[in-house]
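Trainee: Numbering (UniProt numbering), first residue to last: 1 to 194.
1) With residue 155 and residue 133 assumed to form a contact (beta carbons below 8 angstroms), what rounded beta-carbon distance in angstroms separates them?
2) How big is the Cα-Cα spacing for residue 126 and residue 116?
3) Could you say which of 67, 5 and 174 lies nearest to residue 96 if we only look at CA atoms?
4) Tell me which residues share the same chain as residue 16 and place their Cβ nearer than 8 angstroms to its Cβ, disregarding the 5 neighbours each side in the sequence.
5) Measure from the alpha carbon of residue 124 to the alpha carbon of each residue in 56, 68, 194 and 88, then state which is nearest.
6) For residue 38, collect the residues of the same chain with a Cβ closer than 6 angstroms to its Cβ; drop the 5 residues on either side in sequence, then sort them by chain order.
7) Need the endpoints of the alpha helix (DSSP H) that residue 46 sits in, please.
8) By how many angstroms is the C-alpha of residue 67 removed from the C-alpha of residue 144?
9) Take the Cβ of residue 59 as the centre, count every other Cβ of all protein chains shown within 10 Å, and call the residue buried at 16 or more, exposed below.
10) Go ahead and label residue 48 buried or exposed: buried means 16 or more other beta carbons lie within 10 angstroms of its beta carbon, across all protein chains shown.
11) Is residue 85 helix, strand or coil by DSSP?
12) Can you tell me where the alpha helix (DSSP H) holding residue 101 begins and where it ends?
13) Can you tell me whether residue 23 is buried or exposed? The criterion is at least 16 other CB atoms within 10 Å of its CB, across all chains shown.
14) What separation, rounded to the nearest whole angstrom, lies between the Cα atoms of residue 184 and residue 42?
Here it is in structure tokens:
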């Protein structure tokens with residue numbers, strides 16, 4: 001039961017940070033959204049909001065990494081990595097539209113807001129982005145792209161994805177995500193061995 005309460009706190013924090021940002025999210029709001037007793041927050045996160053933020057970022061990062069793996073597994077073969085990347089972009093299109101522009105990347109939202117004010121949060125966001133980049137690079141390399149170009153291409157894919165989400169949220173228009181998905185997938189296809 002205790003691990004369920006901890007998980008609910010992490011998931012509520014991640015959702016609220018993604019929707020409204022780290023600074024705008026209060027601890028009482030997190031406990032209410034998680035339906036957890038107030039005292040449980042400090043029981044599980046004695047470091048308060050910053051510790052909860054760091055762990056929520058890590059929790060979200062792992063969930064998105066598992067989602068990418070699931071999308072990739074459905075799209076097998078060399079061409080599959082390009083299709084998986086494009087499909088992942090389109091999942092964000094759907095999420096933004098369903099959430100009325102509130103459901104962006106949980107890591108980018110915190111990174112943009114807190115990386116200049118909290119070293120632990122900045123570090124947590126950087127670790128998640130690095131793990132995502134490594135996962136993409138690994139998939140690109142398994143499709144036949146040499147390791148160094150795969151790493152560079154993975155950086156490009158991740159930067160394009162995050163930038164497209166920001167543009168789409170700001171414009172309340174998914175066209176930036178759709179265009180970027182097409183261009184990024186085309187770039188990946190062009191790098192795949194013949």
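Where is the CB? At the ideal position from N, CA and C, for every residue including glycine.
On a predicted model such as this, the values are computed, not experimentally measured, just so you know.
Mentor: Inspection of the coordinates gives the following:
1) That pair is a contact at about 6 angstroms.
2) In this structure, the straight-line span from the alpha carbon of residue 126 to that of residue 116 is close to 13 angstroms.
3) Nearest of 67, 5 and 174 to residue 96, Cα basis: 174.
4) So the qualifying residues of the chain are 25, 29, 30 and 33.
5) Closest in alpha carbon position to residue 124, among 56, 68, 194 and 88, is 56.
6) Taken in chain order, the residues that qualify are 31.
7) Taken as a continuous stretch (DSSP letters only), residue 46 belongs to no alpha helix (DSSP H), as it is neither H nor E.
8) Cα to Cα, residue 144 sits roughly 22 angstroms from residue 67.
9) Counting Cβ neighbours within 10 Å, residue 59 comes out buried, since at least 16 surround it.
10) With fewer than 16 other Cβ atoms within 10 Å, it is exposed.
11) DSSP places residue 85 in helix when its eight states are reduced to three.
12) Residue 101: not part of any alpha helix (DSSP H); DSSP gives it neither H nor E.
13) Classification of residue 23: exposed, given that the 10 Å Cβ count is below 16.
14) Each residue's Cα considered, the two are about 43 angstroms apart.
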